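S.K.:
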Amino acid sequence: MVPELEKETVRMKDPEQVKKIVSRLKKGGAVQLQVISDFDMTLTRFGFNGRRCPTSHNIIDNSRVISEEGKKRLKDLLHYYYPIEIDPYRTVADKLPLMVEWWTKAHDLLSQQKILKSDISQIVKESDVMLRDGFNVFFNQLYQSQVPLFIFSAGVGDVLEEIIRQAGMFHPNVNVVSNYMDFDDDGVLRGFKGPLIHTYNKNNTVLKNTEYFQQLCMKTNILLLGDSMGDLSMADGVANVENILRVGFLNDKIEEQREKYMEAYDVVLEKDETLDVANGILQFILAKT
Ligand code: TMP
Ligand code: MG
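Take the sequence shown: its position 130, counted from the start at 1, is 996 in the numbering used here, and no numbers get skipped.
Below, the structure written as C-alpha cells:
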C-alpha cells in the first residue's frame, strides 16, 4: 500500500492496525482528511551532519540580537529543562509546572533583549534551521488536494511562520497556533501573547476558539505528526474523530523512550530526517484512483 512504511527507520507495534487505519483514511480521501502537525523537530530536522538543528526558540537564542549574557542564561535554561522535558521516567503532571517555568523564564529573557519585529526575517535567513527532506512535497500535495494543515507549536509562531514563508510553502491551507511575540508601537518585543503553549498543554485548553475545528466538521480523518509525547493530544479539539493515524519522530534518547513511543504512536520513526513516510501515506490517501 505504502512502500515508505517498509523503510528501516519505521517501527510499528501493530502493523495490521496501521494497515486498517490507512485503508480507512484512503476511503475517506481528501474530503474527510485533515493534518495536524507539530513544528519543531517534526517538520524541521533534528540533526544534520552530526549536529543538532535549532528549534524556533534556539534560532532567536543563537542570533546576533541576543547579548552574550542573554545567550548564556538561555543556554543554561535549555540544559536544565530539556532533559526534564524528555525524561521518560517522570510523569506529565510532574513535568507540567517545570515546563511553564522554562517557557516563562525564556520568554522573560527574550523580552529584555530589545528584539525588533523587523529583525525576525534576517534572523531566520542567517539561522541553521532546516525543514525535513521532502517538505516541499508535503506542503504542496496538501495544498493541491485542499487538505487543511494545522500546525500546533509550543515554539515561536513569528519565527516558524517566517521559516515556512521563506521556503515558499505558506499556502492558504496552513493554519498555525503557537506562541506569538507581542511588539510595542515601535516594533520592539515586549512579551508574548497568551495563552502560553508549552510541550504538555497542546490540547483544546489553549485553543482560544475551536471555530477552526468546527468549520472542519467533515474532516473526521486525521493524520497527526509529532515528536514529543505532548504532541499526542494535539487533536483533542476535534469533536468527531473517526480515524486517526499518529506518526511520531523518535529523535532523542531513542533506547530509553522507544517503549513509550511504540505504545502511543501507531508509527514510530527512528533516525529519519525525512518526511518520506508522511508523504507516502498522503500520496496513497490522496491518489485519485
Ligand atoms: P514543540 O516542538 O512541542 O512545539 O515544542 C517546542 C520545543 O522548543 C520543545 O521541544 C522545547 C523547545 N524549547 C527550546 O528549544 N528553547 C526554549 O527556550 C523553550 C522554552 C523551548
Ligand atoms: Mg516538537
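Beta carbons: idealized from backbone N, C-alpha and C, even for Gly. Fair warning: this is a prediction, and the values are worked out from it, not measured in the lab.
Buried or exposed, going by whether 16 or more other CB atoms sit within 10 Å of the CB of K938?
M.R.: Counted from its first residue, the sequence shown places residue 938 at position 72. By the 10 Å Cβ count, K938 comes out exposed.
S.K.: Since G1021 and D906 should fall inside the 8 Å C-beta cutoff, what is the C-beta to C-beta distance between them, to a whole number of angstroms?
M.R.: One-based indexing of the sequence shown puts residue 1021 at position 155. One-based indexing of the sequence shown puts residue 906 at position 40. G1021 to D906, Cβ: 5 Å. Contact.
S.K.: Say whether the region 971-983 touches the region 923-934, bearing in mind that this needs 3 or more beta-carbon pairs closer than 8 Å, one atom from each stretch.
M.R.: Short answer: they touch.
S.K.: Can the beta-carbon of I952 be found closer than 7 Å to that of D1118?
M.R.: For the purposes of this step, residue 952 is identified with residue 86 of the sequence shown, where counting begins at 1. For the purposes of this step, residue 1118 is identified with residue 252 of the sequence shown, where counting begins at 1. Contact: yes.
S.K.: Near I1120, what residues of its chain come up, given a Cβ to Cβ distance below 8 Å and the 5 sequence neighbours on each side ignored?
M.R.: Taking the sequence shown and counting its residues from 1, one reaches residue 1120 at position 254. For I1120, where only same-chain residues beyond five positions count, the Cβ hits under 8 Å are E1136 and K1137.
S.K.: Output the distance between the C-alpha atoms of V1133 and D1050, rounded to the nearest integer angstrom.
M.R.: For the purposes of this step, residue 1133 is taken as residue 267 along the sequence shown, with counting starting at 1. For the purposes of this step, residue 1050 is taken as residue 184 along the sequence shown, with counting starting at 1. Rounded to whole angstroms, V1133 to D1050 spans 44 Å at the Cα level.
S.K.: State the Cα-Cα distance for the pair L899 and G1060, rounded to the nearest angstrom.
M.R.: Counting from 1 along the sequence shown, the entry for residue 899 is found at position 33. Counting from 1 along the sequence shown, the entry for residue 1060 is found at position 194. Cα to Cα, L899 sits roughly 29 Å from G1060.
S.K.: I want to check one thing, is the minimum distance from the CB of M907 to the heavy atoms of the ligand MG below 6 Å?
M.R.: Here the question's residue 907 lines up with position 41 in the sequence shown. True, at least one ligand heavy atom lies under 6 Å from that Cβ.
S.K.: Are the C-beta atoms of L982 and some chain B residue less than 7 Å apart?
M.R.: Looking for chain B here will not work: only one protein chain is present.
S.K.: Going by DSSP, name the residue or residues bridged to I902.
M.R.: Residue 902 sits at position 36 when you count from the first residue of the sequence shown. Paired residue(s): F1016 and L1090.
S.K.: Three-state secondary structure (DSSP) at I1110?
M.R.: Position 244 of the sequence shown, counted from the start, is the residue given in the question as residue 1110. Looking at I1110 - three-state DSSP - the assignment turns out to be strand.
S.K.: Along the chain, which unbroken stretches of the alpha helix (DSSP H) at least 4 residues long are found entirely within the region 934-993?
M.R.: 934-952, 958-977 and 986-991
S.K.: Tell me whether H923 counts as near the ligand TMP, meaning its Cβ is closer than 6 Å to at least one heavy atom of that ligand.
M.R.: Position 57 of the sequence shown, counting from 1, holds the residue named residue 923. Remark: the C-beta of H923 is in contact range of the ligand TMP, defined as less than 6 Å to any heavy atom.
S.K.: Can you grab the Cα-Cα spacing for the pair E934 / L940, in whole Å?
M.R.: Here residue 934 corresponds to residue number 68 of the sequence shown, with the count starting at 1. Here residue 940 corresponds to residue number 74 of the sequence shown, with the count starting at 1. When rounded, the distance between both Cα atoms is 10 Å.
S.K.: If distances are taken between C-alpha atoms only, which option among E874, G894, T875 and K873 comes closest to I1110?
M.R.: Counting from one through the sequence shown, the residue named residue 1110 turns up at place 244. Nearest C-alpha to I1110: G894.
S.K.: Kindly examine the ligand TMP and report whether one of its heavy atoms sits closer than 6 Å to the Cβ of G913.
M.R.: What you label residue 913 is simply residue 47 of the sequence shown in a count that begins at 1. Checking the Cβ of G913 against the ligand TMP gives no.
S.K.: Closest to M965 by CA distance: which of F1004, N1067 and K1085 is it?
M.R.: Residue 965 sits at position 99 when you count from the first residue of the sequence shown. Comparing Cα positions, the closest option is N1067.
S.K.: Can G1021 be considered in contact with the ligand TMP, in the sense that its beta carbon sits closer than 6 Å to one or more heavy atoms?
M.R.: Here residue 1021 is taken as the residue at index 155 of the sequence shown, counted from 1. For the ligand TMP, at least one heavy atom lies less than 6 Å from the Cβ of G1021.
S.K.: Please indicate yes or no: does the CB of S1094 lie closer than 6 Å to some heavy atom of the ligand MG?
M.R.: If you number the sequence shown from 1, residue 1094 lands on position 228. Judged by the Cβ position, S1094 qualifies as a neighbour of the ligand MG at the 6 Å threshold, a heavy atom of the ligand being closer than this.
S.K.: Is it the case that the Cβ atoms of A896 and S1011 are separated by a distance below 7 Å?
M.R.: Translated into positions along the sequence shown, residue 896 becomes position 30. Translated into positions along the sequence shown, residue 1011 becomes position 145. Cβ distance < 7 Å, so A896 and S1011 count as in contact.
S.K.: So, for V1043: in the same chain, excluding its five sequence neighbours on each side, which residues have a beta-carbon less than 6 Å away from its beta-carbon?
M.R.: On the sequence shown, residue 1043 is found 177 positions in, with the first residue counted as 1. The answer, listed in chain order, is F1018.
S.K.: Should H945 go down as buried or exposed, given a rule of 16 or more other Cβ atoms within 10 Å for buried?
M.R.: On the sequence shown, residue 945 is found 79 positions in, with the first residue counted as 1. That one is exposed.
S.K.: Return the CA-CA distance between E872 and M878, expressed in angstroms with no decimal places.
M.R.: Translated into positions along the sequence shown, residue 872 becomes position 6. Translated into positions along the sequence shown, residue 878 becomes position 12. If I take the Cα positions, the gap works out to 10 Å.
S.K.: Could you work out which residue in L1062, N1041 and M1035 is closest to D1048 when comparing CA atoms only?
M.R.: Within the sequence shown, residue 1048 is the residue found at index 182, counting from 1. Considering only alpha carbons, the answer is L1062.
S.K.: For A1105, is the classification buried or exposed, using 16 other Cβ atoms within 10 angstroms of its Cβ as the cut-off for buried?
M.R.: Locating residue 1105 in the sequence shown gives position 239, where the first residue counts as 1. Exposed.
S.K.: Quick one: what's V876 bridged to in DSSP?
M.R.: Start at 1 with the first residue of the sequence shown, and residue 876 comes out as number 10. L1135, per the DSSP bridge assignment.
S.K.: Hey, how far is the Cα of K1085 from the Cα of V1003?
M.R.: Residue 1085 sits at position 219 when you count from the first residue of the sequence shown. Residue 1003 sits at position 137 when you count from the first residue of the sequence shown. In a straight line, the C-alpha of K1085 is about 21 Å away from that of V1003.
S.K.: Please determine, among T910, E992 and D880, the residue with the shortest C-alpha to C-alpha distance to I1030.
M.R.: Here residue 1030 corresponds to residue number 164 of the sequence shown, with the count starting at 1. Closest option to I1030, Cα to Cα, is T910.
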